[in-house]
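J.:
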Amino acid sequence: MLRLRNISYSINGREIIKGINMQFRGDMIYSILGPNGAGKSTLAYVTMGVLKPTTGRILLGDRDITDFSITEKAKLGISMMWQEPARYEGITVREYLTLGGKLRTNKDELQEVLELVGLSYELYAHRFVDKSLSGGERKRIELASLLLLKPRYAILDEPDSGLDITAGRLIENVLDYFRKIRTTVILITHHEEIAAKTDFAYFVCAGKLIKKGFSREIVQYYKETCGRCFLAEMRVR
Ligand code: ADP
Ligand code: MG
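Here my numbering runs 1 ahead of the position in the sequence shown, where the first position is 1.
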């Protein structure tokens, strides 16, 4: 189980994350739902070790991993898909997906995973992961790479952003695959229809955990409260 215990994060005297407690058990698909500026990405950066929390601890089982680097966390099976994935010159999709041949996989699996994210193996395996890929294509490749890595925990930051109308179906496919390989998913989103595809949801606003529960219940609450609150941040503060 991955636990965030009393996590706060401040920058320039402003508290962006305020005493957040969350826990993520195996075999469950979670979402962190909240409006723009709620602090979702910051919480993901803190969890991954890109940012250091001002207070609080991150625990994996009984182990305190607060001060672990991204690489150390990756070794423990915690991986993340960034909101804006990087591009790399001179590396093909196939090389990227197989970590330059280090990942044990085969063409069938690559093909299956690429098709699952809506890309044909023939058309994409030999393309470069550079600026010639559209934002949506790059995101799909990033999702494929996370599926192939089979992490214990996968943090997806707004995986549907920049994708077209097929995003909902794509996210469903990805979540089904993660369920099958028993990865615990932490899906960050501001779209209630995406959060509705998860089992359990945390609703955050203005850096605080407002409510948690089964996704159906939290999505309903989010629609009722957030939909009416155009100045969410200012009101909660
Ligand atoms: P979300 O991902 O939920 O949209 P973010 O975590 O990106 O929200 O940001 C939360 C709040 O913190 C926003 O108001 C954002 O402007 C602010 N913020 C994030 N990073 C910084 C930073 N480096 N300096 C100042 N403010 C920041
Ligand atoms: Mg964000």
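Think of the CB as a built atom: it goes at the ideal place given N, C-alpha and C, for glycine as much as any other residue.
If you're wondering where the values come from, they're calculated on a predicted model, not measured in any experiment.
1) With DSSP as the reference, identify every bridge partner of SER80, one or two as the case may be.
2) How would you call ALA87, buried or exposed, if buried means at least 16 neighbouring beta carbons within 10 angstroms?
3) According to DSSP, simplified to helix, strand and coil, what is ASN174?
4) Given this structure, state the Cα-to-Cα distance separating VAL114 from TYR154, to the nearest angstrom.
5) For LYS132, which three-state DSSP category applies?
6) Whose CA, out of GLY137, GLY35 and LYS103, lies closest to the CA of CYS227?
7) Enumerate in chain order the residues of its own chain whose CB-to-CB distance from ALA45 is below 7 Å, with the five nearest sequence positions on each side excluded.
8) Please return the same chain residues whose Cβ sits closer than 7 Å to the Cβ of MET29, not counting the five positions on each side in sequence.
9) Check this for me: beta carbons of ILE59 and ASP65, under 9 Å apart or not?
10) Apply the 10 Å Cβ neighbour rule to SER146 and answer buried if 16 or more other Cβ atoms are within range, or exposed otherwise.
11) Count the other CB atoms, across all protein chains shown, that sit within 10 Å of the CB of ILE166; report buried if there are 16 or more and exposed otherwise.
12) Is it true that the region 50-59 meets the region 2-12, where meeting means three or more beta-carbon pairs spaced less than 8 Å apart?
13) Quick check on PHE179: buried or exposed, where buried means 16 or more other Cβ atoms within 10 Å of its Cβ?
14) Which value, in whole angstroms, describes the spacing of the CA atoms of ARG4 and TYR125?
15) Got a sec, what are the start and stop residues for the alpha helix (DSSP H) SER216 sits in?
T.: This is what the structure holds:
1) DSSP output for SER80 lists ALA155 as bridge partner(s).
2) Residue environment for ALA87: exposed (fewer than 16 other C-beta atoms within 10 angstroms of its C-beta).
3) Look at ASN174 here: in three-state DSSP terms it is helix.
4) Approximately 18 Å between the Cα atoms of the pair.
5) Coil at LYS132, not helix or strand.
6) Of GLY137, GLY35 and LYS103, the residue nearest in Cα terms is GLY35.
7) The residues are MET81, ILE156, ASP158 and ILE189.
8) Excluding its 5 nearest sequence neighbours in each direction, MET29 has C-beta neighbours in its own chain below 7 Å: THR185, ASP200 and PHE201, listed in chain order.
9) ILE59 is a Cβ neighbour of ASP65, given a cutoff of 9 Å.
10) Around the beta carbon of SER146, 16 or more other beta carbons lie within 10 angstroms, which makes this residue buried.
11) That one is exposed.
12) At 8 Å Cβ cutoff, the stretches touch.
13) Flag for PHE179 reads buried.
14) So the alpha carbons of these two residues sit roughly 38 Å apart.
15) Following the DSSP letters along the chain, one finds SER216 inside the alpha helix (DSSP H) bounded by residues 216-227.
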